[in-house]
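Mapping of the sequence shown onto UniProt numbering: position 46 corresponds to residue 46, and the numbering continues sequentially without gaps.
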Amino acid sequence: MTGSWLAMVIELIVAGLLATTIAYCVILNRRLTHLRGDEKALKQTVVELIAATGTAERAIAGLKMTVRECDTNLGDRIRLAERFTAEMDKQLRAGRDVVERIVQITDAARPTVMAPRSVVVPAPTTGVAAPAAPTATATAAVAPVVAAPAEPARLDPAKLEGFAGAGLAAFRAAAERRPMGANVTLQTAQALAERTRQRAAG
């Protein structure tokens, strides 16, 4: 009888341990299931991270290429701007030379005072006859010399206009190569040429 009770107690203990083991296995299975789900999510995250890394690498490569192209284009534009600046300086110097020539032509066209011409004024005559001179030839009365009013010298208008037109045409030919920045000097040259024509016509 005692042996049967002991066997029953042992069986109950074994049954309890089996029930505990089964419960623990169920809990462990649930945790493993959650862990597998987290593992799948982690794998998906890793795949997305790898894809994002590849996209970033391609974007960085494209950015590097864009930077190289920008550097090349910027260098070309800087060299082109320097060349344009040098050409503009040459054209401005040529424009100043043309303006100086037009100014010289204008200064040369200004009226100059000619040397006074001597005009002989006859001596006044009276009713009394002058006594005869002791010599064989009579000396002529010396009349006072009066300076005639000076006549201004004028340059030929056609020649002056031709000079001004030639200078303006030369400047226009120089400005047409690169008209950028030469408009002010061209207007000044045109104004001086028009003033020269007006002075020549007046």
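Glycine included, every Cβ here is placed at the ideal spot set by N, Cα and C.
Buried or exposed (CB count within 10 angstroms, at least 16 for buried), residue i
| i | result |
| --- | --- |
| Gly-95 | buried |
| Ile-102 | buried |
| Ala-109 | buried |
| Gln-104 | exposed |
| Lys-43 | exposed |
| Gln-198 | exposed |
| Val-99 | buried |
| Glu-11 | exposed |
| Ile-13 | exposed |
CB contact flag (residue i, residue j, <8 Å)
| i | j | result |
| --- | --- | --- |
| Thr-106 | Arg-195 | yes |
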